[in-house]
Amino acid sequence: MTVSRIDFSALDFLLIEESDRVREQTGDMLRGFGVTRLREARSIEAAMRDIERRAPDIILCDWMTRPTEGLSFLRKLRADPAKAYAHALVIMINEHASADHIQAALGEGADSYLVKPFRAATLFSHLVQVVSGQKAQPGD
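Structure (structure tokens):
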């Protein structure tokens, strides 16, 4: 099945990224796909405060955040299935493409794993994959 257009306007996105430049670029890509509900956080701590108030549908999280890194965030996010945010779709973003990193993120509950730097078409493909319910496989 080839998807050329999908309506992301009804979904609530949260982008967690320390780098202003990368956050801006990724946000521009998302808005280009029709995302209208985009929240941004520079840290895991800020993201958790935001998530406690309103659970997003999709989270894009950079692994290499400080002082708390993305994998710890993912563990915390998935720890209590009774929390609304525990069921958010998560795309982990990292510059490391090793099988160990990918397997760790997917094993902790990420729905997809995106390697930096990435193009808009690659991000779109990952979004379609998670929204359609397809679980990422190592190496995707």
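The sequence shown begins at 1 in this note's numbering and counts up by one.
For each residue, glycine too, the CB sits at the ideal point set by N, CA and C.
Write down the C-beta distance between residue i and residue j rounded to the nearest angstrom, noting that I regard them as a contact closer than 8 Å.
i: L60; j: I102; result: With 8 Å as the limit, L60 and I102 do not qualify as a contact, their Cβ atoms being about 16 Å apart.
i: L74; j: A105; result: 7 Å
i: A88; j: I58; result: 7 Å
i: S112; j: V131; result: Contact doesn't hold; Cβ gap of about 10 Å is too wide.
From this set, the options, which residue's C-alpha is nearest residue i's C-alpha?
i: T26; options: L114, A99 and I6; result: L114
i: R66; options: F33, A47, L38 and R78; result: A47
i: E45; options: D100, A110 and I16; result: I16
i: I93; options: E18, A55, F8 and F33; result: E18
i: H96; options: F118, D80 and S43; result: F118
i: S43; options: L11, D20 and S112; result: D20
i: A86; options: R54, V22 and M64; result: R54
i: K116; options: D80, L71, M64 and S72; result: M64
Taking the alpha-carbon positions, what's the residue i to residue j distance?
i: L123; j: R31; result: 12 Å
i: D62; j: F13; result: 14 Å
i: T36; j: S9; result: 5 Å
i: H126; j: A120; result: 10 Å
i: D50; j: A110; result: 19 Å
i: I6; j: T68; result: 33 Å
i: Q134; j: G107; result: 15 Å
i: R78; j: M29; result: 27 Å
i: E52; j: E24; result: 24 Å
i: G34; j: L11; result: 10 Å
i: P56; j: A82; result: 15 Å
i: K76; j: V128; result: 25 Å
i: R39; j: G70; result: 17 Å
i: S72; j: V22; result: 21 Å
Shorter than 6 Å, the distance from the beta carbon of residue i to the closest heavy atom of the ligand NAD, or not?
i: S9; result: Of the ligands one can find in the structure shown there are none, so the ligand NAD has no counterpart to examine.
Check: Which ranges does the beta strand (DSSP E) cover as unbroken runs of at least 3 residues, wholly within the segment 24-59, from first to last along the chain?
Finding: Assignment of beta strand (DSSP E) within the segment 24-59, counting only whole runs of 3 or more residues, yields 37-41 in chain order.
Item checked: Completely contained beta strand (DSSP E) runs for the segment 108-136, where each covers 3 or more residues -> For the segment 108-136, the continuous beta strand (DSSP E) assignments of 3+ residues that do not extend past its boundaries occur at 112-115, in sequence order.
Checklist line | Whole runs of the alpha helix (DSSP H) within the segment 62-90, excluding any shorter than 4 residues | finding: Correct list: 70-79.
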